[in-house]
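If you're matching positions, the sequence shown starts at 1 in the numbering used here and goes up one per residue.
Backbone N, C-alpha and C fix where the C-beta goes; we use that ideal spot for every residue, glycine too.
Presented below is the structure to which this report refers.
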Amino acid sequence: MNTIFNPPHPGEVLREEILKPLGLTVTMAAPLLGISRKSLSRIVNCQGGITPEMAIRLEMAFKPSAESWLRHQIAYDLWQTRQKVNFHVNPIGGHGK
């Protein structure tokens with residue numbers, strides 16, 4: 001199932017909608033979040049994902065809920081996986097499409 005919508009990586013959302021408007025660099029924001037600069041850099045450069053722990057840190061620092069951050073990550077991961085994988089699954093008991 002390929003959908004048209006390509007959700008942004010949550011790191012892009014963090015970079016463009018939170019860090020940039022606040023004038024925060026990765027180097028400035030990382031210690032505020034209690035993580036290494038390298039860890040935050042991986043996230044904002046779309047090379048690492050938002051874990052539940054990171055989602056809570058972001059919620060505490062910037063207020064969007066941890067659930068919201070995790071929904072962003074799940075939407076991104078699902079879309080990416082659906083683009084790459086060709087599943088061959090037979091519906092069971094009339095519950096499939």
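Judging by CA-CA distance, which residue of Arg71, Arg82, Glu16, Gly34 is the nearest neighbour of Phe61? Here residue 61 refers to the residue found at position 61 when the sequence shown is read from its first residue. Per the sequence presented here, residue 61 reads as Ala, with Phe not at that position. Comparing Cα positions, the closest option is Gly34.
Should Gln73 go down as buried or exposed, given a rule of 16 or more other Cβ atoms within 10 Å for buried? As a working note, residue 73 is residue 73 in the sequence shown. Here Gln73 is buried. Its C-beta has 16 or more other C-beta atoms within 10 Å.
Using 8 Å for Cβ pairs, my map puts Cys46 next to His9. What's the rounded Cβ distance? Locating residue 46 in the sequence shown gives position 46, counting from the first residue. Locating residue 9 in the sequence shown gives position 9, counting from the first residue. With 8 Å as the limit, Cys46 and His9 qualify as a contact, their Cβ atoms being about 4 Å apart.
Which of helix, strand or coil DSSP assigns to Ser36: By one-based count along the sequence shown, residue 36 stands at place 36. Three-state DSSP puts Ser36 in coil, outside helix and strand.
Going straight from the alpha carbon of Lys13 to that of Lys84, what length do you get? In the sequence shown, the residue the question calls residue 13 occupies position 13. In the sequence shown, the residue the question calls residue 84 occupies position 84. Residue 13 is actually Val in this sequence, not Lys. For Val13 and Lys84, the distance between alpha carbons rounds to 23 Å.
Let me know if Ile50 comes out buried or exposed under the rule of 16 or more other beta-carbons within 10 Å of its beta-carbon. Here residue 50 refers to the residue found at position 50 when the sequence shown is read from its first residue. By the neighbour-count rule (16 or more Cβ atoms within 10 Å), Ile50 is buried.
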